[in-house]
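Peer 1: Attaching a single structure in structure tokens format; questions to follow.
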Amino acid sequence: MSQKLWNFAFRRTRRQAATFAVAQGAQENLSESLPVVIETANVPVYLFAPKEEVEPEAIQQLIKLAESPMPVGFVSAMPDVHLGKGVTIGTVFASEAYIAPHAVGVDIGCGMCAVPVDGLFKDQIERKSLVQIQNLIKKYIPTGRHEHKNPLQQAKETIADISDESNIPSSWLEEALHDKKVANQLGTLGGGNHFIEVVYDEATEQVWIMLHSGSRNIGNKSAMHHDGIAKDWLAREGLDTPTGLNYMPIASDEGKRYLQDMEWCQRYAFHNRRFMLDLVAGAVEKVTKRTPDTSRVVNIHHNYCQCERCSWTDPTTGQQMEKSLWVTRKGATSAQHGQLGLIPGNMGVGSFLTRGKGNSASWNSCSHGAGRAMSRKKAMANIKQEDFVAQMAGIICDTDAKVRDEAPNAYKDLTKVMANQKDLVDVELRLLPLINVKGF
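Rendered as structure tokens:
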């Protein structure tokens, strides 16, 4: 497959007429009043959702972050914001001095990847062919806790290249990379909300490949390791912090090592999606004889931190500010002006390809999905299996009871989420599901 497919740069695609329209009337009027400003003892929270639609525990978690020494200017909460470990999922903030591993998340570099299949349209694939493709995907790509028995071709070379690119990783991570799991998991899906889908453009019916995954076990291990280091640093300094909100100075040796390893895991996650996209493309090509349009691939993170040149309005003085800051996005997608993004909904409703508006009040970001409406435990207890099966009718998928916590009604209404961020992104096109694969 062409190397163009893996270019990390965002590509501009031909703008298509999107048939999706945000909710009218009350919901549209509501979105005009966003963001909701929540004042705190330090910087405010800019909430891009009605406050009553966000769980009180998540609001309190946002306030604790805003009142910590980390954020500059304000904290932004995306329309899909919900309770997370240490920091809410769907949160963006900028910092000049501090970094927090749990503010990035334990699945470092988790994100989305999608590409259209050249010349392939929905009406050209019969149901039996869709079933064939799904079976091949499950054959080619380990899901859940499974991994490849042996590394994929070029997996070890890719891991070595990641380490060579910027004189990374830290000595701790370098030792951790000796675990054979690191190479064997390159090109694997994982479980939870990770998925592989074959979808189609609602307007043109062109078929796309889409998937959601991250840095697998090595990202989780790295996050937990450095969170422990941050906790130790706070203890040495005699500083107290809310549970899970452990941070450390960016300029410290501890902070620099975390940023090294975080960048390594981000690159691993990017290539993990790249390897899987190649495998899914192989499954589609075997059945349909069609290949991806490599000029239109999108491969993006939504759990990461990077240094960006930021412009924003100071909420206290009204003064226009500009400075290079470290922007942390946990469950949030970069939406710089003109930048392409992917916002999935749930197993049943599909996803959106979007273009960023560069809204400084969100630190140039948007949601990374619809966001959970129920915890996994609550979803398992309250969603009936027959309802889950009925919601997935017409989609080639597995409705095993073990993934009932991923049922469509375990998530927020994607229509509302998109309406609440109409000032953050424009919709390029809507992608509806034909095939869904999840790990369980």
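Residues 5 to 444 (my numbering) are what the sequence shown spells out, left to right.
Glycine included, C-beta positions come from ideal geometry on N, C-alpha and C.
Decide if residue 365 is buried, meaning its Cβ has at least 16 other Cβ atoms within 10 Å, or exposed.
Peer 2: Mapped onto the sequence shown, residue 365 falls at position 361. Buried: at least 16 other Cβ atoms inside 10 Å.
Peer 1: Are the Cβ atoms of residue 308 and residue 113 separated by less than 8 Å?
Peer 2: Here residue 308 refers to the residue found at position 304 of the sequence shown. Here residue 113 refers to the residue found at position 109 of the sequence shown. Result yes, Cβ atoms of residue 308 and residue 113 sit closer than 8 Å.
Peer 1: For residue 245, collect the residues of the same chain with a Cβ closer than 8 Å to its Cβ; drop the 5 residues on either side in sequence, then sort them by chain order.
Peer 2: Translated into the one-based positions of the sequence shown, residue 245 becomes position 241. Within the same chain, residue 245 has close Cβ partners 72, 238, 251.
Peer 1: In chain order, what residues of the same chain lie with their CB nearer than 8 Å to the CB of residue 17, ignoring the 5 residues before and after it?
Peer 2: Along the sequence shown, one-based indexing puts residue 17 at 13. Confidence is the limiting factor: at residue 17 the pLDDT is only 31, short of 50, which leaves the residue's position unreliable, though a coordinate-based value still follows. The answer, listed in chain order, is 300, 344, 357, 432.
Peer 1: Please state the DSSP three-state secondary structure of residue 28.
Peer 2: To locate residue 28, count along the sequence shown from 1; it is residue 24. Caution is warranted here: a pLDDT of 35 is assigned to residue 28, below 50, making its placement in the model unreliable, and the coordinate value is therefore given only provisionally. In the structure shown, residue 28 sits in coil (DSSP, three-state: anything other than H, G, I, E or B).
Peer 1: Looking at the structure shown, is residue 104 part of a helix, part of a strand, or coil, going by DSSP?
Peer 2: Here residue 104 refers to the residue found at position 100 when the sequence shown is read from its first residue. Three-state DSSP puts residue 104 in coil, outside helix and strand.
Peer 1: Give me the Cα-Cα distance between residue 229 and residue 194, rounded to the nearest whole angstrom.
Peer 2: Working through the sequence shown from its first residue, we reach residue 229 at position 225. Working through the sequence shown from its first residue, we reach residue 194 at position 190. Distance between the alpha carbons of residue 229 and residue 194 is about 20 Å.
Peer 1: Going residue by residue through the stretch 213-301, where are the continuous alpha helix (DSSP H) segments of at least 4 residues, counting only ones entirely within it?
Peer 2: With a minimum length of 4 residues, the continuous alpha helix (DSSP H) runs that stay inside the stretch 213-301 are 220-241, 257-292.
Peer 1: With H, G and I counted as helix, E and B as strand and the rest as coil, what does DSSP make of residue 343?
Peer 2: Counting from 1 along the sequence shown, the entry for residue 343 is found at position 339. In this structure, residue 343 counts as coil in the three-state DSSP scheme.
Peer 1: According to the Cβ coordinates, are residue 191 and residue 125 closer than 8 Å?
Peer 2: As a first step, residue 191 is located in the sequence shown; it is residue number 187 there, counting from the start. As a first step, residue 125 is located in the sequence shown; it is residue number 121 there, counting from the start. It is not a contact, given that the beta carbons lie outside the stated cut-off.
Peer 1: Going along the chain, which residues of its own chain have a beta-carbon closer than 6 Å to the beta-carbon of residue 218, five neighbours each way excluded?
Peer 2: Taking the first residue of the sequence shown as 1, we reach residue 218 at position 214. Counting only Cβ-Cβ distances below 6 Å, and skipping sequence neighbours, we find 111, 113, 114, 273.
Peer 1: For residue 232 and residue 207, I'd like the C-alpha separation in whole angstroms.
Peer 2: The residue labelled residue 232 in the question sits at position 228 within the sequence shown. The residue labelled residue 207 in the question sits at position 203 within the sequence shown. When rounded, the distance between both Cα atoms is 49 Å.
Peer 1: What separation, rounded to the nearest whole angstrom, lies between the Cα atoms of residue 373 and residue 334?
Peer 2: On the sequence shown, position 369 is the one that residue 373 refers to. On the sequence shown, position 330 is the one that residue 334 refers to. Answer to the nearest angstrom: the Cα atoms are 12 Å apart.
Peer 1: For residue 175, count the other beta carbons within 10 Å of its own beta carbon; 16 or more makes it buried, fewer makes it exposed. Which is it?
Peer 2: Taking the first residue of the sequence shown as 1, we reach residue 175 at position 171. Exposed, by the Cβ-count rule.
Peer 1: Going by DSSP in three states, residue 1 sits in which element: helix, strand or coil?
Peer 2: Absent from the structure is residue 1, since the part of the chain shown begins at 5 and ends at 444.
Peer 1: Less than 7 Å between C-beta atoms, sequence neighbours within five positions excluded: which residues of the same chain meet that for residue 185?
Peer 2: Here residue 185 refers to the residue found at position 181 of the sequence shown. So the list reads 151, 221, once near-sequence residues are dropped.
Peer 1: Pick out whichever of 370, 323, 321 has its Cα sitting closest to the Cα of residue 342.
Peer 2: Stepping through the sequence shown from its first residue, residue 342 is reached at position 338. The shortest C-alpha separation from residue 342 is found at 370.
Peer 1: Buried or exposed: where does residue 247 fall if 16 or more other Cβ atoms within 10 Å of its Cβ makes it buried?
Peer 2: Mapped onto the sequence shown, residue 247 falls at position 243. Residue 247 comes out exposed.
Peer 1: Just the Cα atoms here: how many angstroms apart are residue 78 and residue 288?
Peer 2: Along the sequence shown, one-based indexing puts residue 78 at 74. Along the sequence shown, one-based indexing puts residue 288 at 284. Looking at the two C-alpha atoms, the distance is approximately 45 Å.
Peer 1: Given a cut-off of 8 Å, decide if residue 101 and residue 253 are closer than it, judged by their beta-carbon atoms.
Peer 2: For the purposes of this step, residue 253 is taken as the residue at position 249 of the sequence shown. For the purposes of this step, residue 101 is taken as the residue at position 97 of the sequence shown. Yes, Cβ-Cβ distance for residue 253 and residue 101 is below 8 Å.
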